[in-house]
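Chemist: Have a look at this one.
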Amino acid sequence: MSSPYVPQIHRYQAWLHEQRGLVFADYDALWRWSSTDLAAFWQSVWDYFDLQSPTSHRAVLEGDVMPHVRWFPGAQVNYARQVFRHVARAEAAGQPAIIAEDELGRVRTLGWHELQRQVAALAVGLRALGVQRGDRVAAYLPNRIETVVAFLACASIGAIWSVCAPDMGTAAVLDRFRQIEPTVLIAADGVHYGGRPLDRSTTVRELRAGLPTLQHVVTLRTPYAAERVADTHDFTALVDRDDAAVHAFEPEWLAFDHPLWIVYSSGTTGLPKPIVHGHGGIVLTSLALKTLHNDIGPSYDDNSFGERFHWYSSTGWVMWNAQVAGLLGGTTIVLYDGSPGGRKDEPDWSVLWRFAARHRVTFFGAGAALYGNAMKTGVDLAALQAAGYDLSAIRALGSTGSPLPPDVQRWGSAQFERVHALAGRSRDPTALPGGPGGPVWWCNISGGTDFCGAFIGGHRGLPQVPGQMQCRQLGCAVEAWDENGRAVTGQVGELVCVRPIPSMPLYFWNDEGHARYLSSYFDTYPGVWRHGDWLEVRADGGCVIYGRSDATLNRHGLRMGTSEIYAAVEALPEVLDSLVIDLEFLGRESFMPLFVVLRPGLTLDEPLRERIRDAIRRALSPRFVPDAIEQAPDIPRTLSGKKQELPIKKLLLGQPLERVLNRDAMANPQCLDWYVAYAAERSKSAGTMAA
């Protein structure tokens, strides 16, 4: 990397000065302009990144009251076209598109030309199978090169992509894919995870049987399947095609708001929400996020030469989408397919650090839990450095998924001080974090699957405060609101966004009258997006996320509706009723208990606990196995029968009972004393552990 390195956001500001005559005294002034003059800001992003369209747009933004707005009407784009704009320059500079490694240590590198050819081959193959614009293509695939190729092939022809990770059970996948009625399923028949091979051929057959709209199944064949899935197309054979049709293929021009993918974000009731995002909104917002705020530049550019971007994720988390989005800016992306903590019986939280060293990763991102686990288990990055795992290329650490505690951030910073010292890197106290001679830079972000972006994030030129995110992102009119709907500073409130951004959902799939979309984000404050997080905006502009303000479960960034837990648990004949609570809150131990009411005469014992855990593993994912399972006398319900999830959550977080619910509005107030006692005991034991 050349020196001195100019942060991407500084380059953008210099462009604003030169091209628009705009100068801002500080970041706060820049942010206020970007979040109020939306048309000027987003047009500047379009122009700065030189986005292309064969037709002009008649406006930047039509409408103003969310969600009834439309961005760049008249423009045509394609996610894959934007990716392949970088082929010639990246190839000339000798920079690969993708580097991938699995937990068996097998490394594959894919160049930009070859990525383009494979995408074209699969796109031609999908067209031959009858896939047309607007058709849904469902995928059940791990974090491999093939998954990126499949996604870009779908985007190229205007098909709508949707992926679930192979750690999800059949029921959870069908709850998602049935809603969107896919015509094609692309699935892996096995995976290798946590040190062992896992057969997925039975799941693939179950998915085919449970999706009546499927016309074709394409199988990514692996050595881990117990037996081959019959009557399917071979993924490798489709991708290996290399003929005149493949060479002549070009991605289609699509309307700015043509659907790109469907992702899923669960509320507390009903099926997972199938959220539709558009090509243009995702391209525009991803470039602003990745380049300006995450400071990730093209790998072939002198200012960011050799950039290698890694964010550990499964395909079931929105950070997989964020990882792939590095290609939009011409960056080499570095994928890891496997467990970040090694084998279950022999945990090893240095796995990803050794991986990052092998591939000279420059931006290393992961869920906050990974850093916490590394600290708690005594991972020593300096010892890895001394042992020959050179981590000195890492200049930035990204974190999201759950609040990053200050002590964990301080631990990571101290680790990299030692790494840099061992690497002989001289320290310049005046250098920017993440730049030559500067300390490592923490890019802590908070956003969501709902809009595939970040509301709050990083800025290379702003101060770093452990446990605090540096700023609200450009174009994001984010505020913390108190219980009266007033913006507050220096206190915790509801995270809201009062102006639209381009990557907000186009709609939910099959949502008549947008009823579910409106109720998910706009029922509390009409015309204002309520995100469901607790936020504090501090006087210096820094932000702290404290956790979920609603009852949705958040396991290190992966969200699941409580209703999906209940469906799995209450299917057991022993369980009459249940209640699950996620006690994620910054500064407190993350803890998810499940309360169950059993049939008369039954007592919760360890065998039954294990059957409950197994039901959740099989139906949903091991990620959502609760930390504790407790037998309760009853589940608190309102007079209308609704489970009192949020009030019990607040009670267990320490709020007094009289402040969180009204006994007179309850159908069974007599059970509350048990929960009050449980909360007191939980608080006592947590206090003892802290002491």
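So for the sequence shown, our numbering puts the first residue at -16; every next one is plus one. For each residue, glycine too, the CB sits at the ideal point set by N, CA and C.
So, with DSSP's three-state summary, where would you put C435?
Modeler: Coil at C435, not helix or strand.
Chemist: Does DSSP classify R684 as helix, strand or coil?
Modeler: Since the first residue of the chain shown is -16 and the last is 674, residue 684 is not available in this structure.
Chemist: Would you report the Cα separation of L203 and P125, rounded to the nearest angstrom?
Modeler: The straight-line gap from Cα to Cα measures roughly 10 Å.
Chemist: May I ask you to report which of helix, strand or coil DSSP gives C459?
Modeler: C459: coil per DSSP, three-state reduction.
Chemist: For the region 559 to 588, which segments carrying the beta strand (DSSP E) assignment without a break, of at least 3 residues, lie completely within its bounds, in sequence order?
Modeler: Entirely contained in the region 559 to 588, the beta strand (DSSP E) runs reaching 3 residues are, in chain order, 576 to 581.
Chemist: Taking all protein chains shown into account, do 16 or more other C-beta atoms lie within 10 angstroms of the C-beta of N493, making it buried, or fewer, making it exposed?
Modeler: Result: exposed.
Chemist: Indicate whether at least one CB of chain D lies closer than 8 Å to the CB of A23.
Modeler: Structure shown: chain D not included; a single protein chain is present.
Chemist: Report the three-state DSSP secondary structure of A674 (helix, strand or coil).
Modeler: For A674, the predicted structure reports a pLDDT of 28, less than 50, and the residue's modelled location is therefore unreliable. The matter cannot be settled from this model.
Chemist: In the DSSP assignment, what residue or residues form a beta bridge with E235?
Modeler: According to DSSP, which records beta bridges pairwise, E235 is partnered with nothing at all.
Chemist: Using C-beta distances below 6 Å, list every residue in its chain close to M672, excluding the 5 sequence neighbours before and after it, in chain order.
Modeler: Confidence is the limiting factor: at M672 the pLDDT is only 32, short of 50, which leaves the residue's position unreliable and the question unanswerable from this model.
Chemist: Rounded to a whole number of angstroms, what is the C-alpha to C-alpha distance between Q675 and S36?
Modeler: Within the shown structure, residues of the chain are numbered from -16 to 674, placing residue 675 beyond reach of any answer.
Chemist: Using 10 angstroms around the beta-carbon of R291, count the other beta-carbons present and answer buried if the total reaches 16, otherwise exposed.
Modeler: Buried, because 16 or more other Cβ atoms sit within 10 Å of the Cβ of R291.
Chemist: Cα-Cα, which of L635, E664, L636 and P619 is closest to R646?
Modeler: The option with the nearest alpha carbon to R646 is P619.
Chemist: If you scan the region 584 to 663 from start to end, which runs of the beta strand (DSSP E) of 3 or more residues do you find wholly inside it?
Modeler: The region 584 to 663 contains these whole beta strand (DSSP E) runs: 611 to 614.
Chemist: Hey, would you say D278 sits closer than 8 Å to G417, going by beta carbons?
Modeler: In this structure, G417 lies closer than 8 Å to D278 by Cβ.
Chemist: Report the three-state DSSP secondary structure of Y31 (helix, strand or coil).
Modeler: The answer is helix: DSSP assigns Y31 an H, G or I state.
Chemist: Specify the secondary structure class of G173 as computed by DSSP and reduced to three states.
Modeler: Here G173 sits in strand by DSSP.
Chemist: Considering only residues of the region 493 to 564, which uninterrupted alpha helix (DSSP H) runs meet the minimum length of 4 residues and lie entirely inside it, listed in chain order?
Modeler: Listed in chain order, they are 498 to 504 and 545 to 552.
Chemist: Starting from the Cα of R89, find the closest Cα among L318, V201 and L501 and give me that residue.
Modeler: Of the listed residues, the one whose Cα sits closest to R89 is L318.
Chemist: Under the criterion of a Cβ to heavy atom distance below 7 Å, does V334 qualify as lining the ligand NAP?
Modeler: As presented, the structure is devoid of all ligands, the ligand NAP included, so that no description of it is given.
Chemist: Can you tell me whether DSSP reads W425 as helix, strand or coil?
Modeler: Strand at W425.
Chemist: Can you tell me which residues form a DSSP beta bridge with W680?
Modeler: The structure shown has nothing for residue 680, since the chain only spans -16 to 674.
Chemist: Would you give the residue range spanned by the beta strand (DSSP E) that H207 belongs to?
Modeler: Residue identity check: residue 207 is Tyr in the sequence provided, not His. First-last for Y207: undefined, no H or E at that position.
Chemist: I need the DSSP call for K273, collapsed to helix, strand or coil.
Modeler: K273: helix per DSSP, three-state reduction.
Chemist: To the nearest whole angstrom, what separates the beta carbons of S486 and T268, a pair I think is in contact under 8 Å?
Modeler: So it is a contact: roughly 4 Å between Cβ atoms.
Chemist: Could you give the C-beta distance for K273 and G309, rounded to a whole number, given that I count them as a contact under 8 Å?
Modeler: Confirmed, Cβ separation roughly 6 Å.
Chemist: With respect to the beta strand (DSSP E) encompassing A121, which residues constitute its N-terminal and C-terminal limits?
Modeler: A121 -> beta strand (DSSP E) spans R119 to Y123.
Chemist: Taking the alpha carbon of L405 as the reference point, which residue from V423, D373, P388 and V391 has its own alpha carbon closest?
Modeler: The candidate whose alpha carbon is nearest that of L405 is D373.
Chemist: In chain order, what residues of the same chain have a beta carbon less than 8 Å from the beta carbon of V266, not counting five sequence neighbours either side?
Modeler: Answer for V266: L34, V60, Y62, Q65 and L311, listed in chain order.
Chemist: Taking all protein chains shown into account, do 16 or more other C-beta atoms lie within 10 angstroms of the C-beta of P583, making it buried, or fewer, making it exposed?
Modeler: The residue in question, P583, is exposed, as its Cβ has fewer than 16 Cβ neighbours within 10 Å.
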